[in-house]
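Residue numbers (UniProt numbering): 1 to 103. Structure first, commentary second.
So, in structure tokens, the structure goes:
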């Protein structure tokens, strides 16, 4: 099994997602429950063998992604480590996020 690691950006994304869900639904339990589901999904992905998700060379050479509900989990393999890089809302300008300032 690969070890699981989150970048500081991914941890910030999770905190932002929790805050958004809690505020927009006035429900902290719902937000925390979603965060738990998201973390469980990342743990399951790290435990699976093989190469998962879609390669995203247009964003970064080593980046891969997989959808989770209305979000996209961006990750990469670093040896025996499954590193979650970012977790972004699926309707967001993903290319603009990874390449700010490009036109």
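For each residue, glycine too, the CB sits at the ideal point set by N, CA and C.
Cα-Cα separation, residue i to residue j
| i | j | result |
| --- | --- | --- |
| residue 6 | residue 55 | 19 Å |
| residue 16 | residue 48 | 27 Å |
| residue 73 | residue 94 | 11 Å |
| residue 27 | residue 41 | 22 Å |
Spatially closest choice to residue i from the options, by CA coordinates
| i | options | result |
| --- | --- | --- |
| residue 87 | 69, 27, 81 | 69 |
| residue 90 | 71, 83, 82 | 71 |
| residue 46 | 66, 35, 57, 15 | 66 |
Residue i classed as buried or exposed, judged by whether at least 16 other C-beta atoms fall within 10 angstroms
| i | result |
| --- | --- |
| residue 92 | exposed |
| residue 13 | buried |
| residue 38 | buried |
Spatial neighbours of residue i in its chain, beta-carbon cut-off 7 Å, leaving aside the 5 residues before and after
| i | result |
| --- | --- |
| residue 76 | 62, 63, 64, 83, 85 |
Chain-order list of residues whose beta-carbon lies under 8 Å from that of residue i (same chain, five-residue window excluded)
| i | result |
| --- | --- |
| residue 99 | 59 |
| residue 80 | 2, 3 |
| residue 30 | 21, 22 |
| residue 19 | 31 |
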